[in-house]
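Visitor:
In the UniProt record's numbering, the protein residues as written are 1 to 260.
As structure tokens, then:
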């Protein structure tokens with residue numbers, strides 16, 4: 001190796017070392033300032049204020065989900081369909097990842113990951129990383145929308161992969177329903193039946209959630225209809241109902257639309 005190349009490597013290592021030291025010093029400095037400026041009483045007051053805000057936000061969400069009588073706003077059914085269709089794609093990616101993680105590759109994954117490590121990554125690290133990514137300020141554009149959707153798809157596939165590995169070789173009761181069927185029904189039915197639904201919120205809920213339930217039951221009669229299958233189907237329906245209600249109530253606000 002030439003002396004020039006070696007000098008470059010040493011210089012880069014010194015640069016990284018300096019950057020880490022500077023970052024550590026800044027964090028330590030900010031922590032010291034925070035500890036001096038924040039007494040126990042202020043910390044408690046701050047905690048109470050945050051708790052009250054979260055409580056108010058929770059009550060607003062619950063009220064929104066429970067409201068099944070208010071007339072629907074003007075719905076762009078094409079945008080609704082594309083939003084829930086991408087949710088279905090993400091869930092299908094998660095299911096595909098679970099097949100690879102739980103059936104195809106468990107012996108290979110076992111060389112690199114313990115089950116406890118996979119659980120930590122799947123249920124703590126990955127959700128936090130997803131939340132952090134969604135909070136990043138991004139300009140509203142087609143390119144950024146495409147980036148968000150495909151990153152979410154990647155997160156979903158990795159989540160499914162890790163979950164599949166965690167439950168590999170476990171005796172599960174029955175075959176689970178395909179979660180993607182619920183968002184498929186929520187996306188397609190309002191688009192095809194917009195003239196029937198009109199601005200009737202209860203019709204929208206009954207047709208979409210009921211349609212998803214019928215799809216699950218139809219598939220269940222083919223593969224395996226069991227009590228766990230029915231319970232999971234009901235859970236998917238409740239989750240779909242809540243997400244649909246939140247979508248409809250925030251449709252005129254600024255948020256990620258998952259445009260194609």
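Don't be surprised by glycine CBs; every beta carbon is placed ideally from N, CA and C.
Would you kindly report the start and end of the unbroken alpha helix (DSSP H) that includes residue 67?
Guide: Premise fails: residue 67 is in no alpha helix (DSSP H) and is neither H nor E.
Visitor: For residue 245, count neighbouring Cβ atoms within 10 angstroms of its own Cβ and tell me buried if that reaches 16, exposed if not.
Guide: Residue 245 is buried by the Cβ-count criterion.
Visitor: Given residue 236, which residues of its chain have a CB within under 6 Å of its CB, disregarding the five upstream and five downstream residues?
Guide: If we look at residue 236 and ignore the five residues flanking it on each side, its Cβ neighbours are 179 and 182.
Visitor: Answer yes or no: do residue 209 and residue 241 have a C-beta to C-beta separation smaller than 8 Å?
Guide: Result yes, Cβ atoms of residue 209 and residue 241 sit closer than 8 Å.
Visitor: Apart from the five residues just before and just after residue 188, which ones in its own chain have a Cβ nearer than 7 Å to its Cβ?
Guide: Same-chain partners within the cutoff: 81.
Visitor: May I ask you to verify whether the stretch 94-101 touches the stretch 149-167, counting CB pairs closer than 8 Å and requiring at least 3?
Guide: At 8 Å Cβ cutoff, the stretches touch.
Visitor: Work out the CA separation of residue 222 and residue 137 for me, nearest whole Å.
Guide: About 45 Å.
Visitor: Provide the residue span of the alpha helix (DSSP H) that contains residue 156, from first to last.
Guide: Element bounds for residue 156: 142-166.
Visitor: Determine, using beta-carbon pairs with one atom in the stretch 69-78 and one in the stretch 199-213, whether at least three such pairs fall under 8 Å.
Guide: Judged by Cβ distances under 8 Å, the stretch 69-78 makes contact with the stretch 199-213, as three or more pairs qualify.
Visitor: Whose CA, out of 249, 177, 205 and 250, lies closest to the CA of residue 91?
Guide: It is 177.
Visitor: Can you give me the Cβ contacts of residue 102 inside the same chain, cut-off strictly under 7 Å, excluding the 5 residues immediately before and after it?
Guide: Hits under 7 Å: 164, 165, 167 and 168.
Visitor: Alpha carbon to alpha carbon, what distance is there between residue 216 and residue 233?
Guide: Between residue 233 and residue 216, the C-alpha separation is close to 7 Å.
Visitor: Using the Cβ count rule (16 or more neighbours within 10 Å means buried), how would you classify residue 124?
Guide: Residue 124 is exposed by the Cβ-count criterion.
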